[in-house]
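Residue numbers (this note's numbering): 4 to 121. Each residue gets a CB set at the ideal place from its N, CA and C atoms; glycine is no exception. Everything on this sheet refers to the single structure shown next.
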């Protein structure tokens with residue numbers, strides 16, 4: 004998980020939350036909540052990049068682990084029709100797969116229900 008990833012990176016550098024927070028220009032309480040997965044809203048890309056630099060991590064990796072798509076990636080994707088087409092195809096594949104799994108789950112649960120009745 005992202006929270007553990009950030010915490011372990013900080014511990015590996017033997018830094019306190021206060022030290023990291025100070026260098027990344029965030030409050031220590033904010034970093035503490037981040038490490039515990041208790042933030043109400045996800046960190047901005049700018050905050051994630053500052054944290055990455057302080058923790059000596061690859062900024063894009065941190066942004067991605069936080070569940071975001073780096074703005075540079077978004078720009079590249081939107082500029083390339085082939086990438087957009089590819090991603091749309093992948094989305095359709097995933098939707099088809101989810102529909103099949105949902106149908107299988109419905110079938111399995113109705114079979115189990117029938118078995119319990121009989």
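Here residue 57 is buried: its Cβ has 16 or more other Cβ atoms, across all protein chains shown, within 10 Å.
Contact check for residue 5 against residue 55 fails: the beta carbons are separated by 7 Å or more. When DSSP states are grouped into helix, strand and coil, residue 46 belongs to the coil group. Residues 65, 66, 69 of the same chain have their beta carbon placed closer than 6 Å to that of residue 51, with the five preceding and five following residues left out of the count. Scanning its chain for C-beta atoms nearer than 6 Å, with the 5 sequence neighbours on each side dropped, one finds around residue 42 the residues 36, in chain order.
The three-state secondary structure of residue 83, taken from DSSP, is coil. Between residue 39 and residue 23, the C-beta spacing is not below 7 Å.
As the crow flies, the alpha-carbon of residue 8 is around 11 Å from that of residue 15. The distance from the Cβ of residue 53 to that of residue 85 is about 33 Å, inconsistent with a contact at the 8 Å cut-off.
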